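One structure below.
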Amino acid sequence: MKLKILQLGEPVLRQRAKELTREEIISSKIQDLIQLMQDTMYDAPGVGLAAPQIGLALQLAVIEDRSQYMQNFTAAQLTERERSSVAFHVIINPEIIRRSNEQVEFFEGCLSITPFTGLVPRNLVITVTCLNERAEPVTIEARGWYARILQHEIDHLHGTLCIDHVRPRSFMTIENYMKYWKEKPIAEVINLL
Ligand code: ZN
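According to this note's numbering, the residues represented by the sequence shown are 4 to 196, in order.
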């Protein structure tokens, strides 16, 4: 079963989501929700899904970057993005406690802003504290694409969308991104835009 993913303009996408208590996290209601969100993320398909995207203002997101998604990229593109597979996991009440000064810019999309993409600068390395699906505290050190996914999903829990950070002039349809820009190095894209 899958849930409907809400699109840009839904007020819930702009709210600050509510933190979950330990009791709420281990409740069957939230455990069932996590399963539904996982199924919905796979179906989309996407590498992350935050609860506000399915209409619930809760500090909860699911993440998984599957190896099959890497097939659309060359080895050079994966290296440039520092992208490799990330196992399924859940982040609850997350907080970014450290960010590198270094930022990197790549095209980024969102299941709530389809079918568009744009260049979004993100911190290369971050440290996140959160709870997992068993309400246990977890510290995550992430870099590269995984750090980007975490920043994207945590933004959702604060009512922020990737278009709020998008490089002006780089917002475009995914179709045109594939047609004109996908193969170009980012520095060249920025130059041409
Ligand atoms: Zn998103």
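Each residue gets a CB set at the ideal place from its N, CA and C atoms; glycine is no exception. Only a predicted model underlies this, so the values are computations on that prediction, with no experimental measurement involved.
Between which two residues does the alpha helix (DSSP H) holding residue i run?
i      : result
Arg25  : Arg25 to Ile29
Arg151 : Gly147 to His159
Leu164 : Neither: Leu164 is in no alpha helix (DSSP H) and is coded neither H nor E.
Val192 : Ile189 to Leu195
Could you check whether the Cβ of residue i sits closer than 7 Å to any heavy atom belonging to the ligand ZN?
i      : result
Ser87  : no
Asp165 : The amino acid at residue 165 is misidentified as Asp; the sequence shows Cys. Yes, the Cβ of Cys165 comes within 7 Å of a heavy atom of the ligand ZN.
His1   : With the chain represented from 4 up to 196, any question about residue 1 goes unanswered, as that position is not in the structure.
Leu6   : no
Leu114 : yes
His161 : no
Ile92  : First, the residue type needs correcting, since residue 92 is His and not Ile in the sequence shown. Not so, every heavy atom of the ligand ZN lies at least 7 Å from the Cβ.
Counting along the chain, where does the beta strand (DSSP E) carrying residue i start and finish?
i      : result
Leu6   : Per DSSP, Leu6 belongs to no beta strand (DSSP E) and is neither H nor E.
Val128 : Val128 to Leu134
What's the gap between the Cα of residue i and the Cα of residue j?
i      : j      : result
Tyr45  : Arg25  : 26 Å
Met73  : Leu61  : 30 Å
Leu3   : Ser30  : Absent from the model: residue 3. The displayed extent of the chain is 4 to 196, so no value can be given.
Ile8   : Leu39  : 12 Å
Ala145 : Leu164 : 20 Å
Thr142 : Val131 : 6 Å
Gln34  : Val15  : 21 Å
Ile66  : Asp42  : 11 Å
Leu11  : Ile116 : 6 Å
Lys3   : Met4   : Residue numbering for the chain in the displayed model covers 4 to 196; residue 3 lies beyond these limits and cannot be assessed.
His155 : Tyr149 : 10 Å
Ile191 : Phe174 : In the sequence under discussion, the amino acid at residue 191 is Glu, which differs from the Ile named in the question. Taking the straight line from one Cα to the other gives about 16 Å.
Leu134 : Leu160 : 14 Å
Gly147 : Arg84  : 6 Å
Ile166 : Ala138 : 31 Å
Gln71  : Arg86  : 12 Å
Gln106 : Leu52  : 23 Å
Ile157 : Leu23  : 14 Å
Ile189 : Ile152 : 18 Å
Pro97  : Glu136 : 12 Å
(Q) Quick test of the definition: if touching needs 3 or more C-beta pairs under 8 Å, does the region 166 to 184 touch the region 103 to 121? (A) yes
Q | Residue ranges of each beta strand (DSSP E) within the region 30 to 118, 3 or longer | A | 51 to 53, 63 to 68, 89 to 102 and 106 to 112
Q: Tell me, please, whether the region 121 to 141 touches the region 90 to 103 by the rule of three or more beta-carbon pairs shorter than 8 Å.
A: yes
**Q.** Cβ contact (3+ pairs, closer than 8 Å) linking the region 74 to 81 and the region 40 to 57
**A.** no
(Q) Between the region 87 to 94 and the region 107 to 117, can you find at least three pairs of beta-carbon atoms closer than 8 Å? (A) no
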